[in-house]
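Novice:
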Amino acid sequence: MIEKVFLIIVKLLLKIRYRIEVTGLENIEGAEKVLFLPNHPAFIDPLIVMSIIFGKFRPRPLSDKARVEKPVIKTVMKRINPVLIPDLGRAGREAHKATLEAMNNIATSLENGDNVIMYPSGRLYRENRESVRGNSGAHHVINAVPDAKVVLVRTNGLWGSSFSWATGKNPELFRCLPRYLLAIICGLLFFVPKRKVSVEFVVPEDLPYGDDKMELNRYLDNFYNEKPEESIVLPYYLWGGSPIAVEKKNVAKKTQQDLGHIAQSTKDLVNDKLKELTGVAKIGEGDHLSKDLGLDSLTMVELQTWIEGEFGITIENQESIQTVAHCYLAANGQLLGDASALLTPPTQKWQSAASDNPLKLGGGSNIAEIFLANAAANKNQPLLVDQLAGEKTYQDIILGVFVLKRIIEKIDADYIGIMLPASVSATVVYLATLFSGKVPVMINWTVGKGNMLSCLETVGVEHIFTASALVEKIKYQGFDYSDISAEWIMLDKVAAKISVKEKIAALIKSKFSWKELRNAKIPQTAAVLFTSGSEAKPKAVPLTHANFIANMSDYSKLFDFKQSDCLLGMLPPFHSFGLASGVVLPLAMGMKVVYHSNPTEGAVLSKIIGIFRPTLLLGTPTFLQGILSAAGDLQSLRIVISGAEKCPDHIFDAFAKQCPQATLCEGYGITECSPVVSANTPGCINRGSIGKVMPSMEYVIVNEDGDKKCLIGERGRLLLRGGNIFSGYLNYEGKSPFVEFDGKDWYDTGDLVTESDDGILTFAGRLKRFVKLGGEMISLPAIEAVLAEKYPANEGEPQLAIEAAEGDNQPEIILIATCEISREEANRIIKDAGLSGLHNIRKIKKVDEIPLLGTGKTDYRSLKRMIN
Numbered sequence: 009m010i011e012k013v014f015l016i017i018v019k020l021l022l023k024i025r026y027r028i029e030v031t032g033l034e035n036i037e038g039a040e041k042v043l044f045l046p047n048h049p050a051f052i053d054p055l056i057v058m059s060i061i062f063g064k065f066r067p068r069p070l071s072d073k074a075r076v077e078k079p080v081i082k083t084v085m086k087r088i089n090p091v092l093i094p095d096l097g098r099a100g101r102e103a104h105k106a107t108l109e110a111m112n113n114i115a116t117s118l119e120n121g122d123n124v125i126m127y128p129s130g131r132l133y134r135e136n137r138e139s140v141r142g143n144s145g146a147h148h149v150i151n152a153v154p155d156a157k158v159v160l161v162r163t164n165g166l167w168g169s170s171f172s173w174a175t176g177k178n179p180e181l182f183r184c185l186p187r188y189l190l191a192i193i194c195g196l197l198f199f200v201p202k203r204k205v206s207v208e209f210v211v212p213e214d215l216p217y218g219d220d221k222m223e224l225n226r227y228l229d230n231f232y233n234e235k236p237e238e239s240i241v242l243p244y245y246l247w248g249g250s251p252i253a254v255e256k257k258n259v260a261k262k263t264q265q266d267l268g269h270i271a272q273s274t275k276d277l278v279n280d281k282l283k284e285l286t287g288v289a290k291i292g293e294g295d296h297l298s299k300d301l302g303l304d305s306l307t308m309v310e311l312q313t314w315i316e317g318e319f320g321i322t323i324e325n326q327e328s329i330q331t332v333a334h335c336y337l338a339a340n341g342q343l344l345g346d347a348s349a350l351l352t353p354p355t356q357k358w359q360s361a362a363s364d365n366p367l368k369l370g371g372g373s374n375i376a377e378i379f380l381a382n383a384a385a386n387k388n389q390p391l392l393v394d395q396l397a398g399e400k401t402y403q404d405i406i407l408g409v410f411v412l413k414r415i416i417e418k419i420d421a422d423y424i425g426i427m428l429p430a431s432v433s434a435t436v437v438y439l440a441t442l443f444s445g446k447v448p449v450m451i452n453w454t455v456g457k458g459n460m461l462s463c464l465e466t467v468g469v470e471h472i473f474t475a476s477a478l479v480e481k482i483k484y485q486g487f488d489y490s491d492i493s494a495e496w497i498m499l500d501k502v503a504a505k506i507s508v509k510e511k512i513a514a515l516i517k518s519k520f521s522w523k524e525l526r527n528a529k530i531p532q533t534a535a536v537l538f539t540s541g542s543e544a545k546p547k548a549v550p551l552t553h554a555n556f557i558a559n560m561s562d563y564s565k566l567f568d569f570k571q572s573d574c575l576l577g578m579l580p581p582f583h584s585f586g587l588a589s590g591v592v593l594p595l596a597m598g599m600k601v602v603y604h605s606n607p608t609e610g611a612v613l614s615k616i617i618g619i620f621r622p623t624l625l626l627g628t629p630t631f632l633q634g635i636l637s638a639a640g641d642l643q644s645l646r647i648v649i650s651g652a653e654k655c656p657d658h659i660f661d662a663f664a665k666q667c668p669q670a671t672l673c674e675g676y677g678i679t680e681c682s683p684v685v686s687a688n689t690p691g692c693i694n695r696g697s698i699g700k701v702m703p704s705m706e707y708v709i710v711n712e713d714g715d716k717k718c719l720i721g722e723r724g725r726l727l728l729r730g731g732n733i734f735s736g737y738l739n740y741e742g743k744s745p746f747v748e749f750d751g752k753d754w755y756d757t758g759d760l761v762t763e764s765d766d767g768i769l770t771f772a773g774r775l776k777r778f779v780k781l782g783g784e785m786i787s788l789p790a791i792e793a794v795l796a797e798k799y800p801a802n803e804g805e806p807q808l809a810i811e812a813a814e815g816d817n818q819p820e821i822i823l824i825a826t827c828e829i830s831r832e833e834a835n836r837i838i839k840d841a842g843l844s845g846l847h848n849i850r851k852i853k854k855v856d857e858i859p860l861l862g863t864g865k866t867d868y869r870s871l872k873r874m875i876n
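Here the sequence shown is numbered in this note's numbering, starting from 9 and rising by one per residue.
#1: Do Gly627 and Pro607 have their CB atoms nearer than 8 Å?
#2: Leaving out five residues before and five after Ile270 in sequence, what residues of the same chain have Cβ atoms less than 6 Å from its Cβ?
#3: Given Phe631, which residues of its chain have a CB within under 6 Å of its CB, disregarding the five upstream and five downstream residues?
#4: In the stretch 574–653, which residue ranges form an unbroken alpha helix (DSSP H) of at least 4 residues, counting only runs that do not cross its ends?
#5: Looking only at its chain, what residues have a beta carbon closer than 6 Å to the beta carbon of Tyr603, apart from the 5 residues adjacent to it on each side?
#6: Would you call Leu428 buried or exposed, if buried means 16 or more other Cβ atoms sit within 10 Å of its Cβ?
#7: Once DSSP output is grouped into helix, strand and coil, what is the label at Gly785?
#8: Cβ atoms of Ile291 and Leu282: under 8 Å apart, would you say?
#9: Whole-angstrom Cβ separation of Leu808 and Ala790, contact assumed at under 8 Å?
#10: Is it buried or exposed, Leu775, if we count other Cβ atoms within 10 angstroms and call 16 or more buried?
#11: Please return the same chain residues whose Cβ sits closer than 8 Å to the Cβ of Lys563, not counting the five positions on each side in sequence.
#12: Below 8 Å on the Cβ atoms is my guess for Asp229 versus Ser298; work out the distance and round it to an integer in Å.
#13: Over what stretch of residues does the alpha helix (DSSP H) that includes Gly721 continue unbroken?
#14: In three-state DSSP terms, what is Met702?
#15: Starting from Glu3, trace the alpha helix (DSSP H) both ways and give me its first and last residue.
#16: Should Val508 be labelled buried (16 or more other beta-carbon atoms within 10 Å of its own) or exposed?
#17: Do the CB positions of Leu788 and Ala772 come within less than 8 Å of each other?
#18: Measure the alpha-carbon distance for Gly696 versus Glu680 and round it to whole angstroms.
#19: Let's test the definition: count the other Cβ atoms within 10 Å of the Cβ of Gln643 and tell me whether it reaches 16, buried, or not, exposed.
#20: How is Ser686 classed by DSSP in three states: helix, strand or coil?
#21: When you compare only the Cα positions, how much space is there between Ala873 and Ser584?
#22: Since I believe Met450 is in contact with Pro531 (beta carbons under 8 Å), could you give me their beta-carbon distance rounded to a whole number of angstroms?
#23: What ranges does the alpha helix (DSSP H) occupy inside the stretch 346–371, keeping only unbroken runs of at least 4 residues that lie completely in it?
#24: How about Asp304 and Asn143: are their beta carbons less than 8 Å apart?
#25: Straight-line CA distance for Thr757 to Gly714?
#26: Run through the stretch 519–565 for me and flag every whole beta strand (DSSP E) of 3 or more residues, listed as ranges in chain order.
#27: From Phe209, Ile829, Leu843 and Arg137, pick the residue whose C-alpha is nearest to that of Val855; which is it?
#28: For Gly881, collect the residues of the same chain with a Cβ closer than 6 Å to its Cβ; drop the 5 residues on either side in sequence, then sort them by chain order.
#29: May I have a chain-ordered list of the alpha helix (DSSP H) segments no shorter than 4 residues that lie completely inside the stretch 10–53?
#30: Considering only their Cβ atoms, is the gap separating Leu118 from Val153 smaller than 8 Å?
#31: Let me confirm a value: Phe520 is counted as buried when at least 16 other C-beta atoms fall within 10 Å, else exposed. Which label applies?
#32: Classify Ala333 as buried or exposed, calling it buried when 16 or more other Cβ atoms lie within 10 Å of its own Cβ.
#33: Got a sec, what are the start and stop residues for the alpha helix (DSSP H) Leu871 sits in?
#34: Taking buried to mean at least 16 other C-beta atoms within 10 Å of its own C-beta, is Gln272 buried or exposed?
#35: Report the three-state DSSP secondary structure of Val309 (helix, strand or coil).
#36: Just how far apart, CA to CA, sit Gly268 and Thr466?
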């Protein structure tokens, strides 16, 4: 009875807006074991089709779990018993198994006499025609139940509606709900323009059965696209004008991707995997993964999971990898992302013009104190924004601090772990931890399980603030941290448990009394970060408020920050560059920040720049390359600071071409130095150099033995002194990072540099054996150590060694071996040891013997010459 009443209401509501013509329904014989296969031009077409067939056939729909669980829809769908599948583009490797189970459930339902409706394309139209691509769902079900009655459904007339992608944007049903409700009310009072929609039901006589999935998909595409769709925009009201045909906007700008900077070995690895998955012998960089290579959504999940595990990167959305070229970019840490992502634009308050006067560092002895002073003077001014939390004023941030402070204070621990990407949430949790009198410990989730355990044990972290979505994503990438003996505090779940009473109490405090915050005992240590470690163990780096303040005082003057500046924050806060720029800088200097959680999504970042108009961008060359590749509107940028790895010439050239109004400044930093050591600055750019040392720091360049000062132009070790340098590692019993020279104690960077006559430094290598990948320091000895456990020295002679080939492309980790070992076996050992995909071997070089020094140790200089 409830279903009948609901069906009548739905039909009446649809009649207000649509003039629906139905044909062919009478040709369907019987009412059991029917498989309906419709096209999918818009969000509304499932409702239209179901309103036509539900009364007689009551089909079970195959539905996206994420959409079905939304409010209202969830209540309705319970009545029709859907078969649920996960979002393949976001769920990762677990989705493969769940989707196969869903396909088998569909087949079982048909065999039991049920009727089923499923959409072969699995997604909305992206242009004015259907594209089933390489999807295998329809093929799987049809061949599993060959005696099912297949009915093809073709809906026309919806392309151009607000429920479609005709505008080039993802249609958002709930965001447009007020407009729809107003149109319905007007429709009850007046006549409204009606959209003509045709729904055809066809029982095909020549449907291709058999093993060829692509033959069936081509047949379906030809059927659905027999009548090309015209994009028609229809007004909601009689006074809105006549219907107009509009040209479809491009969903994403198609640009020729520059792939010359990507190592051939990376391309070869991707090509080999694609050959394995598809059986196609020749792979071209322009090949479309589904249309040309025939990858279905399940195989795409397998490919996505492999890229994430093999190259240590995160693919947030499967839509990001559509072509072979996209796979190359993703493997190189330059994933473009979904350029069609719908972004909430900034408010007028965010965009309001600010003064070009210098932005000054506030007074105070610690970051929390300085923030409070800034907040008191700018309560209602927006400071932070991201797409999940929205814009947050100082007042909003104070409210969040009061809410979280009460929770954090109850934790009986001095150190609180924070494992969150660049976001409003990460910054608010960081600040709330300080006001709770505890030390924030920034947790890196990309280092692998073994290194993470070492980090937590070194500092004694037993409580970690994170988010369910991040933990699930990490799990899908193959690293399940759930068995680590720490309390994982999910912010999303904590927020849901906060009572109304607690919220009101926090709101009152945030509005009327900050005394509790002003009297808070702020710890001397502002944050604990981690190095990658010279061996397998990372070292804990405690940085004080004084360290950060000294460093900010230097670089804020050199880069002439203005009150009108806005920063794009994309680096994760476990990265010293990310914490200093994306968290500490806005809190202490009041610079507005727009966050995006994934720095590899170049297209999304480019779109954010075009919409939010940031003037400053701090990142690695890898991430900057992704933004430049997207070829978006970057005209708001004033200064871009590149660090963490050498910036290649091709990025300088591309930047100069796309952003002639901006300056690209390469710098050099170290976690232990909070982190900026030297930088090129506007008006003093020397391409290929790392610029001049920060003005408040002392430095000296000594020979490799450390007993003699180098002459101008000579290569030597860089030693540093200054207020931004840490005081020593936590709970560390190894060699001191400080050395004595000329009667003073200096921090030994372990890095080699040369100096010009005018004090400009050029990076010249490392004494310690590290490479930078994706902005992360990767320890070559750590990789070598785990492999040597399985392949130990034979009669004193090593069977293997690790070295890296470096150039303008990203460094490649190479295994030099005398023993028989495959790349797959080596990477399995690395993964089992708890190291991340960034540590994976890219090439193996077979040799007769590993070169040794006179001391019997491996001669790495000879190895370097050998591989280069």
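By construction, the Cβ of each residue, glycine as well, lies at the ideal position given by its N, Cα and C atoms.
Specialist: To lay it out plainly:
#1: yes
#2: Tyr336 and Asn340
#3: Pro607
#4: 584–587, 593–597, 610–620 and 629–637
#5: Asp394, Ala430, Ser431 and Gly577
#6: buried
#7: At residue 785 the sequence reads Met, which differs from the Gly that was named. Three-state DSSP puts Met785 in a strand.
#8: yes
#9: Not really, about 14 Å apart at Cβ, beyond 8 Å.
#10: exposed
#11: Sequence inspection shows Tyr at residue 563; the Lys mentioned does not correspond to that position. Closer than 8 Å at the Cβ level, and outside the excluded window around Tyr563, lie Val684, Ala687 and Met702.
#12: Incorrect: roughly 12 Å between the Cβ atoms, too far for contact.
#13: That residue, Gly721, is in no alpha helix (DSSP H); it is neither H nor E in DSSP.
#14: coil
#15: Here the chain comprises residues numbered 9 to 876, so residue 3 is not present and cannot be evaluated.
#16: exposed
#17: no
#18: 23 Å
#19: exposed
#20: strand
#21: According to the sequence as given, residue 873 is Arg; it is not Ala. Those two C-alpha atoms are separated by around 32 Å.
#22: Wrong, their Cβ atoms sit about 14 Å apart, outside the cutoff.
#23: 356–359
#24: yes
#25: 12 Å
#26: 533–538 and 548–552
#27: Ile829
#28: Past the boundaries of the shown model lies residue 881; the chain is included only from 9 to 876, so the question cannot be answered.
#29: 10–25
#30: yes
#31: exposed
#32: buried
#33: Tyr868 to Ile875
#34: exposed
#35: helix
#36: 42 Å
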